[in-house]
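Same order as they appear, the protein sequences are chains L and R. Its first residue numbered 8, the first sequence is counted upward by one per residue in my numbering. Its first residue numbered 193, the second sequence is counted upward by one per residue in my numbering. Backbone N, C-alpha and C fix where the C-beta goes; we use that ideal spot for every residue, glycine too. Below: the structure, in structure tokens.
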Amino acid sequence: MRNLVFISGLLLVMAGAAAAQNAPDSSTETQPPARQQRRSRNLIDRWNQMSPAERERELAKLPPERAAAIRERIRKYNEMPHADKEALREGYDIFAQLPAEKQELVRQSLREFRRLPQDRQDEVHRAFMELRVLPEAQRTARLNSEEFHGKFTMMERQILTVVSENLAVPAN
Amino acid sequence: MACPLESHNSELLVAYAAGELEMEAAHALERHLEECPACSALAAGQAAVWKALDAWQAPAISPDFDARLYRRVRTEAPATWWRRLWRPLRPMPLFKVLPLAAAACMLLIVSVLLERPANIEPVAPRAETVRVDQVERTLDDLELLNQFDVASHTDSAHPNTM
């Protein structure tokens, strides 16, 4: 009798395991939406999946010149080399996960970056590539270092602070 | 007397060998045994078994058998909770385990088959409609990010505009 009870328990456990195997993966369900969307299709990818008729219906809502400009920009995006497009997607995924106000802050900084002379853009970007992989404490120390104060203007340091804080490589 | 073997009454021979027949029935059977070799052989065989059983003597138990038995009862009676928990997991004889394991496997297979969803044709995901103003804003963001990245890859080239 005792063994019978034991076997019954074993059967229940096995049936439970089988049911759990068929159940949807709860680990993905409990992830926050932002993480789930990570490396997912961005809006342009989703736009590309719409039917041509749907796309044209949407574009018809804009003035013809603006619609034409969007068509051209999408064409350029679609024609980007695969590796470049993947790198851009990766960067955009990080950006898209930011709260709206931080996204706006990054936009402003990147617009400021665009106004810099080319040689300063190169210098700032080199510093960004170095900063983005550093832990937060080291990054802050580096940004506040004498070397950075001597090398970059206040605007450039501000750009570096914003983009390195918000577009940093996420820790694994 | 009718032959016990022919009348399918071999219990009579067994009872005779065990000394359980009445004297009159026993005498009648003895007269038949003198004439019937088959019944005689069976009765002789039964008598030999009884004789062997009478001759067998059970081995004597050790003098401290009772003491050891009671000691074991005392130590095992207040089994700890983990010992009680472990008791059902003790190895079972194979002849008991096999049918139960087979039944468990069958139940598991049936439950998995029942749980498996029917072979439904996958429905092609419907492309969701994206608003054009969202697309334009995303293109702006991608362009900003792209220009920032391009600056590092090419020192002199101007970033592409999307």
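Exposure of residue i, with buried meaning 16 or more beta-carbon neighbours within 10 Å
i                            : result
valine 371 of chain R        : Given a span of 193 to 354 for chain R in the structure shown, any question on residue 371 of chain R remains unanswerable.
proline 196 of chain R       : buried
leucine 167 of chain L       : buried
phenylalanine 257 of chain R : exposed
arginine 96 of chain L       : buried
threonine 160 of chain L     : exposed
Limits of the alpha helix (DSSP H) - the one that residue i falls within
i                        : result
glycine 211 of chain R   : Looking at the DSSP string, glycine 211 of chain R is not in any alpha helix (DSSP H), and its letter there is neither H nor E.
threonine 267 of chain R : 257-268
histidine 89 of chain L  : 89-103
serine 116 of chain L    : 107-122
proline 71 of chain L    : 71-85
arginine 279 of chain R  : Unbroken run through arginine 279 of chain R: none, as it is neither H nor E.
leucine 66 of chain L    : 59-66
Residue i (DSSP reduced to helix, strand or coil)
i                         : result
methionine 161 of chain L : helix
methionine 284 of chain R : coil
leucine 334 of chain R    : helix
glutamine 249 of chain R  : coil
leucine 141 of chain L    : coil
glutamine 326 of chain R  : helix
histidine 200 of chain R  : coil
arginine 127 of chain L   : helix
cysteine 297 of chain R   : helix
cysteine 231 of chain R   : helix
asparagine 49 of chain L  : coil
alanine 243 of chain R    : Note that residue 243 of chain R is lysine in the sequence shown here, rather than alanine. Helix.
Minimum Cβ-Cβ distance from residue i to chain L less than 7 Å
i                            : result
glutamate 216 of chain R     : no
asparagine 201 of chain R    : no
valine 302 of chain R        : no
phenylalanine 340 of chain R : yes
glutamate 268 of chain R     : no
leucine 337 of chain R       : yes
threonine 330 of chain R     : yes
glutamine 326 of chain R     : yes
Beta carbon proximity, residue i to chain R, threshold 7 Å
i                        : result
glutamate 172 of chain L : no
leucine 123 of chain L   : no
arginine 53 of chain L   : yes
glutamate 61 of chain L  : yes
glycine 157 of chain L   : no
Own chain residues within Cβ distance below 7 Å of residue i, not counting five before or after
i                            : result
tyrosine 220 of chain R      : What sits at residue 220 of chain R in the sequence shown is alanine, not tyrosine. Closer than 7 Å at the Cβ level, and outside the excluded window around alanine 220 of chain R, lie Met193.
methionine 162 of chain L    : Glu119
glutamate 79 of chain L      : none
phenylalanine 155 of chain L : Arg149 and Arg164
Sequence-distant residues of the same chain with beta carbon closer than 8 Å to residue i, five excluded per side
i                        : result
glutamine 238 of chain R : Leu205, Val206, Tyr208, Ala209 and Ala210
alanine 67 of chain L    : Ala74
6 Å CB neighbourhood of residue i in its chain, flanking five on each side removed
i                      : result
serine 116 of chain L  : Ile166, Val169 and Val170
arginine 64 of chain L : none
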